[in-house]
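K.L.:
Count along the sequence shown from 1, add 34, and you get the number used in the working numbering. Heads up, the beta-carbon is just placed ideally off N, CA and C, and yes, glycines get one too. Given the structure is predicted, the values throughout are model-derived calculations rather than measurements.
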Amino acid sequence: MSDFLVEPSASIAGCIRVPGDKSISHRALMLGAVASGTTDVEGFLEGEDCLATLRAVARLGVEVECRAPGEVRIHGVGLKGLRAPGGVLDMGNAGTAMRLFMGLLSAQPFDTELIGDESLMRRPMERAAKPLREMGAVIETCDGRPPVRIRGGQRLHGIRYEMPVASAQVKSAALLAGLYAEGETTVVEPAVTRDHTERMLQSFGVEITARGGTATLRSPARLAGTRIAVPGDFSSAAFFIVAACLGAREPFLIQGVGVNPTRTGLLEMLALMGADLRLVNHRSAGAEPVADVEVRPAPLHGIRVPDRLVPLAIDEFPAFFIAAACAKGETVVTGAEELRVKESDRIAVMARGLGAVGVRHEVLHDGLRIEGGSHRRRYGRQPR
Ligand code: S3P
35 MSDFLVEPSA SIAGCIRVPG DKSISHRALM LGAVASGTTD VEGFLEGEDC LATLRAVARL
95 GVEVECRAPG EVRIHGVGLK GLRAPGGVLD MGNAGTAMRL FMGLLSAQPF DTELIGDESL
155 MRRPMERAAK PLREMGAVIE TCDGRPPVRI RGGQRLHGIR YEMPVASAQV KSAALLAGLY
215 AEGETTVVEP AVTRDHTERM LQSFGVEITA RGGTATLRSP ARLAGTRIAV PGDFSSAAFF
275 IVAACLGARE PFLIQGVGVN PTRTGLLEML ALMGADLRLV NHRSAGAEPV ADVEVRPAPL
335 HGIRVPDRLV PLAIDEFPAF FIAAACAKGE TVVTGAEELR VKESDRIAVM ARGLGAVGVR
395 HEVLHDGLRI EGGSHRRRYG RQPR
């Protein structure tokens, strides 16, 4: 654990890049592992969560070479080539790793047990277990939480699953199990969620259609090793985007950011608040759209966040709440109860932080009401 000393700065300026996308890095390892042939990944995020996936993949008998910073080569073993790990698989803090592995491991010929750190051991896993059981998997959780025990040797069949919660992790778990299932697997989302799994499966040559919140995968599937360029993580860029909206004196540029429209709800929310944001230099990294994000300072005003944007910005609310605190007027977020079951309860944690710096707010069961600018009135004239 490191200590950081943060000092206020009068402005933010320059041009930066952010580390590789976490969601895409997890998926690259898992799909590369069960592909036939090698998969080369560049821009891989070497953060703790993705390293937990990397270690798990290695324990399942897949050789992964770390060739240079951010560059990994996965020697895929094919859909049927994974080996019993010989002990529990520890997912650390990574909910994405646990839920996606539940899908991938539910049709293997061996048993597996998944555990995680203290926070992950408290998170809900039944949401992913439910569709997998409908497909024929045998999965046990402990009162809905990890450890997750998966019995091997089951034959899975395709289903049509209408998800009760908008979750890309649950959708992905069902689609990964669908690679092994007999027939078609269809997942219908109640609201659009990130579609990295669908896009990446296509890059590996899997027949999958995804339209209007419904994804259908046909098996038998075969994945062919490929090259994956991981774009910069929009969730990491989010903090700098908000900082630049509030504190840039000249255009601030973040280069090479993944701008998949299922991830960029924050841009729409900030634009509704009056932010001056531009996506320039559009290109693609394989199946994913990439751009540079240019931010100019502009005064922000409070908004009521449209419900449809909530799942498209689910990981960016902590940064968004800061923008709301500095905007003029009131901002209201509702329909965001999913924030309560992330690595931490992000509504409670952010409310505590906002309270600590004097921002007036009201905690709602599914969101927050924030009175923008209130901290200035309370603390603005204090000597520094
Ligand atoms: C993720 C999906 C989201 C997100 C998480 C990463 C993914 O979770 O919050 O950080 O990579 O699929 P949910 O599926 O629970 O919404």
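Which of helix, strand or coil does DSSP assign to A128?
P.N.:
In the sequence shown, counting from the first residue as 1, residue 128 sits at position 94. Coil, per DSSP.
K.L.:
Consider the C-beta atom of G129 and the heavy atoms of the ligand S3P; say whether any pair is separated by less than 8 Å.
P.N.:
Here residue 129 corresponds to residue number 95 of the sequence shown, with the count starting at 1. Under cutoff, so the answer is yes.
K.L.:
Ignoring anything shorter than 4 residues, give me the alpha helix (DSSP H) runs that lie fully in the segment 269-354, in order along the chain.
P.N.:
You should have 299-306.
K.L.:
Look at the Cβ atom of S348, then the Cβ atom of A370, and state whether they are nearer than 9 Å.
P.N.:
Locating residue 348 in the sequence shown gives position 314, where the first residue counts as 1. Locating residue 370 in the sequence shown gives position 336, where the first residue counts as 1. Looking at the sequence shown, residue 348 is not Ser but Ile. Yes, they are a contact pair.
K.L.:
Using the Cβ count rule (16 or more neighbours within 10 Å means buried), how would you classify R342?
P.N.:
Position 308 of the sequence shown, counted from the first residue, corresponds to residue 342. Exposed, by the Cβ-count rule.
K.L.:
Leaving out the 5 sequence neighbours to the left and right, which residues in its chain are closer than 8 Å to G71 when beta-carbon positions are compared?
P.N.:
Reading the sequence shown from its first residue, position 37 is the one you call residue 71. Within the same chain, G71 has close Cβ partners G110, A258, G259.
K.L.:
Suppose you measure from the CA of R415 to the CA of E372; what does that come to, to the nearest Å?
P.N.:
Translated into positions along the sequence shown, residue 415 becomes position 381. Translated into positions along the sequence shown, residue 372 becomes position 338. Residue placement at R415 is poorly supported in this model, since its pLDDT is 39, which falls under 50; the coordinates are not used for a value here.
K.L.:
Should T175 be listed as close to the ligand S3P, given that the test is whether its C-beta is under 8 Å from any heavy atom?
P.N.:
The residue given as residue 175 occupies position 141 in the sequence shown. Outside the cutoff, so no.
K.L.:
For the ligand S3P, I want to know if Q164 counts as a neighbour, meaning its beta carbon is within less than 8 Å of at least one of the ligand's heavy atoms.
P.N.:
In the sequence shown, the residue the question calls residue 164 occupies position 130. The sequence given here places Lys at residue 164; Gln does not occur at that position. The answer is no for K164.
K.L.:
What does a CB cutoff of less than 6 Å around A353 pick up in its chain, not counting 5 residues either side in sequence?
P.N.:
Against the sequence shown, residue 353 aligns to sequence position 319. Correct list, in chain order: A272, F273, V276.
K.L.:
Closer than 7 Å by C-beta to L398: which residues in its own chain qualify, once you throw out the five before and the five after it? Chain order, please.
P.N.:
The sequence position of residue 398 within the sequence shown is 364, counting from 1. Contacts found: T368.
K.L.:
Of the residues G112, H335, E105, Q188, which one's Cα is nearest the Cα of G407?
P.N.:
To locate residue 407, count along the sequence shown from 1; it is residue 373. Checked all of G112, H335, E105, Q188; the closest Cα to G407 is H335.
K.L.:
Taking the alpha carbon of D400 as the point to measure from, which residue in V172, K164, I356, A385 has its own alpha carbon closest?
P.N.:
The residue you call residue 400 lines up with position 366 of the sequence shown. Ranking the options by Cα distance to D400, first place goes to A385.
K.L.:
Could you round the C-beta distance between M125 and A163 to whole angstroms and report it? I think they count as a contact, below 8 Å.
P.N.:
On the sequence shown, residue 125 is found 91 positions in, with the first residue counted as 1. On the sequence shown, residue 163 is found 129 positions in, with the first residue counted as 1. Incorrect: roughly 15 Å between the Cβ atoms, too far for contact.
K.L.:
Tell me whether the beta-carbon of S59 lies closer than 9 Å to the beta-carbon of T87.
P.N.:
Stepping through the sequence shown from its first residue, residue 59 is reached at position 25. Stepping through the sequence shown from its first residue, residue 87 is reached at position 53. Against a cut-off of 9 Å, the Cβ pair of T87 and S59 comes out as a contact.
K.L.:
Give me the residue from D37, S237, L39, A47 with the minimum Cα distance to F286.
P.N.:
Taking the sequence shown and counting its residues from 1, one reaches residue 286 at position 252. Minimum Cα distance to F286 is reached at A47.
K.L.:
Ordered along the chain, which non-local residues of its own chain (more than five positions away) have a Cβ less than 7 Å from that of F144?
P.N.:
By one-based count along the sequence shown, residue 144 stands at place 110. Beyond the five residues adjoining it in sequence on each side, F144 comes within less than 7 Å, by CB distance, of A118, G186 in the same chain, given in chain order.
K.L.:
Bridge partners for K205 per DSSP, in chain order?
P.N.:
Along the sequence shown, one-based indexing puts residue 205 at 171. Paired residues: none, contrary to the question.
K.L.:
Where does K56 sit, in a helix, a strand or coil, going by DSSP?
P.N.:
Counting from one through the sequence shown, the residue named residue 56 turns up at place 22. Three-state DSSP puts K56 in a helix.
K.L.:
Rounded to whole angstroms, what is the Cα-Cα separation between P180 and G247?
P.N.:
Looking up residue 180 in the sequence shown gives position 146. Looking up residue 247 in the sequence shown gives position 213. About 29 Å.
K.L.:
Please work out which residues of its chain come closer than 8 Å, Cβ to Cβ, to E364, disregarding the five sequence neighbours upstream and downstream, and give them in chain order.
P.N.:
Residue numbering aside, residue 364 sits at position 330 when the sequence shown is read from its first letter. So the qualifying residues of the chain are G336, R403, I404, E405, G406.
K.L.:
Hey, quick one: how far does the alpha helix (DSSP H) through G387 stretch, first residue to last?
P.N.:
Against the sequence shown, residue 387 aligns to sequence position 353. For G387, the uninterrupted alpha helix (DSSP H) segment begins and ends at 380-390.
K.L.:
In terms of residues, what are the limits of the beta strand (DSSP E) holding H395?
P.N.:
Locating residue 395 in the sequence shown gives position 361, where the first residue counts as 1. Here the beta strand (DSSP E) through H395 covers 395-398.
K.L.:
Apply the 10 Å Cβ neighbour rule to P165 and answer buried if 16 or more other Cβ atoms are within range, or exposed otherwise.
P.N.:
Position 131 of the sequence shown holds residue 165. P165 is buried by the Cβ-count criterion.
K.L.:
Taking the alpha-carbon positions, what's the V172 to S140 distance?
P.N.:
Counting from one through the sequence shown, the residue named residue 172 turns up at place 138. Counting from one through the sequence shown, the residue named residue 140 turns up at place 106. Rounded to whole angstroms, V172 to S140 spans 7 Å at the Cα level.
K.L.:
Whole angstroms is fine: what's the gap from R161's alpha carbon to T243's?
P.N.:
The sequence position of residue 161 within the sequence shown is 127, counting from 1. The sequence position of residue 243 within the sequence shown is 209, counting from 1. Taking the straight line joining both Cα atoms gives about 23 Å.
K.L.:
Excluding five sequence neighbours on each side, which residues of the same chain lie with their C-beta closer than 7 Å to the C-beta of A157?
P.N.:
Position 123 of the sequence shown, counted from the start, is the residue given in the question as residue 157. Inspection of the sequence shows that residue 157 is occupied by Arg rather than by Ala. Here the set comprises G129, R179, V375.
K.L.:
Per the DSSP calculation, V182 is bridged to which residue(s)?
P.N.:
The residue you call residue 182 lines up with position 148 of the sequence shown. In the DSSP assignment, V182 is bridged to L148.
K.L.:
With distance defined between alpha-carbon atoms, name the residue in L300, P265, E147 nearest to A358.
P.N.:
Your numbering for residue 358 matches position 324 in the sequence shown. Per the Cα distances, L300.
K.L.:
Quick one: is A102 buried, meaning 16 or more other Cβ sit within 10 Å of its Cβ, or exposed?
P.N.:
What you label residue 102 is simply residue 68 of the sequence shown in a count that begins at 1. Label assigned to A102: exposed.
K.L.:
Which complete beta strand (DSSP E) runs does the segment 67-110 hold, if anything under 3 residues is left out?
P.N.:
70-76, 97-102
K.L.:
Quick one: using the 10 Å Cβ neighbour count with 16 as the cut-off for buried, is S45 buried or exposed?
P.N.:
For the purposes of this step, residue 45 is identified with residue 11 of the sequence shown, where counting begins at 1. S45 should be labelled exposed.
K.L.:
Write down the C-beta distance between G170 and Q188 rounded to the nearest angstrom, noting that I regard them as a contact closer than 8 Å.
P.N.:
The residue labelled residue 170 in the question sits at position 136 within the sequence shown. The residue labelled residue 188 in the question sits at position 154 within the sequence shown. Between Q188 and G170 the Cβ distance is about 5 Å, and since that is below 8 Å, they are a contact.
K.L.:
Which value, in whole angstroms, describes the spacing of the CA atoms of L306 and E80?
P.N.:
Reading the sequence shown from its first residue, position 272 is the one you call residue 306. Reading the sequence shown from its first residue, position 46 is the one you call residue 80. Rounded to whole angstroms, L306 to E80 spans 34 Å at the Cα level.
K.L.:
Where does R415 sit, in a helix, a strand or coil, going by DSSP?
P.N.:
For the purposes of this step, residue 415 is identified with residue 381 of the sequence shown, where counting begins at 1. Residue placement at R415 cannot be trusted, given a pLDDT of 39 that sits under 50; what the coordinates show is reported in the next sentence. Here R415 sits in coil by DSSP.
K.L.:
Is A249 helix, strand or coil by DSSP?
P.N.:
The residue labelled residue 249 in the question sits at position 215 within the sequence shown. A249: strand per DSSP, three-state reduction.
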